[in-house]
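Participant:
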Amino acid sequence: GAVVSQHPSWVICKSGTSVKIECRSLDFQATTMFWYRQFPKQSLMLMATSNEGSKATYEQGVEKDKFLINHASLTLSTLTVTSAHPEDSSFYICSAIAGQGGVSGRAHEQYFGPGTRLTVT
Amino acid sequence: AQSVTQLDSHVSVSEGTPVLLRCNYSSSYSPSLFWYVQHPNKGLQLLLKYTSAATLVKGINGFEAEFKKSETSFHLTKPSAHMSDAAEYFCVVSDGPGTYKYIFGTGTRLKVLA
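Here the protein sequences line up with chains F and C, keeping their order.
For the first sequence, the residue numbers in the numbering used here are 1 to 121.
For the second sequence, the residue numbers in the numbering used here are 122 to 235.
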């Protein structure tokens, strides 16, 4: 149990276009999802926290108009990189938290997706 | 504020020898602590977690970690390294009860020599 998927696993887009990344919890309901970005050989940086049915909370320094997050259901959150530029090229990873007791009684543990490699040319 | 410090950015060991990856934490409350592994171009896999139960935590693939409150440490160990253990390892502390956010360490790259 506790599987999180991301789609696509990798994407190449041209500068100025927008790209959407999906994060799905496959076998549990995710009350909260997180979006991270990871530059090569660096740690994960939290971008934002999204709660189902409400606006995402962005970390300091993250442009909310550039990185649009929608958490429309308990199993799906999307990250849209708008007007992408080469400096947005990165590895984007989502994670999800089950409601209390949602996954074998384990509350608050984050379950990570496999990541999406974005390359902007 | 909570934080974690991974004391080594790179660790090299020979295959079959012990592994020690060091992590110190700072927390104003009783923390939850995790170790994750990331292989190249892959997502994160949970190795083990401490959530205020037994201080010696056993994880997958022969890894274990000991929570030492007096030393504010949560070092990851394995008795015998395998080539497949070569990866990036992250020590993580939860940001506090109720927030669910994670604070990641900067990572330790483990290299296993044949």
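For every residue, glycine included, the Cβ atom is placed at its ideal position computed from N, Cα and C.
1. Please name the residue or residues paired with residue 91(F) in a DSSP beta bridge.
2. Starting from residue 186(C), follow its DSSP beta bridges and name the residues at the other end.
3. In chain C, what lies closer than 7 angstroms to residue 114(F) by C-beta?
4. Using C-beta distances below 8 angstroms, list every residue in its chain close to residue 74(F), excluding the 5 sequence neighbours before and after it, in chain order.
5. So which residues of chain F does residue 211(C) contact, with C-beta pairs closer than 7 angstroms?
6. In angstroms with no decimal places, state the Cα-to-Cα distance between residue 19(F) and residue 78(F).
7. Use the C-beta contact count for residue 6(F): other C-beta atoms within 10 angstroms, 16 or more gives buried, fewer gives exposed.
8. Assign residue 127(C) to one of two classes, buried (16 or more other C-beta atoms within 10 Å of its C-beta) or exposed (fewer than that).
9. From what residue to what residue does the beta strand (DSSP E) around residue 155(C) run?
10. In the DSSP assignment, find the beta strand (DSSP E) that holds residue 20(F) and state where it starts and stops.
11. From the DSSP output, which residues share a beta bridge with residue 33(F)?
12. Along the segment 16 to 43 of chain F, where does the CB come closer than 7 angstroms to a CB of chain C? Name the residues.
13. Out of curiosity, what's the CA-to-CA distance linking residue 135(C) and residue 201(C)?
14. I'd like to know whether the C-beta of residue 7(F) is nearer than 7 angstroms to at least one C-beta of chain C.
15. What in chain C is Cβ-close to residue 97(F), meaning under 8 angstroms?
16. Using the Cα positions of residue 68(F) and residue 81(F), report the straight-line distance between them to the nearest angstrom.
17. Verify the CB distance criterion: does residue 225(C) have a CB-CB separation below 7 angstroms to chain F?
Facilitator: Answer, in terms of the structure:
1. 38(F) and 117(F)
2. 178(C) and 197(C)
3. 163 and 164
4. 25, 29, 30, 31 and 52
5. 43
6. 10 angstroms
7. buried
8. buried
9. 154 to 159
10. 19 to 25
11. 50(F) and 96(F)
12. 32 and 43
13. 9 angstroms
14. no
15. 221
16. 7 angstroms
17. yes
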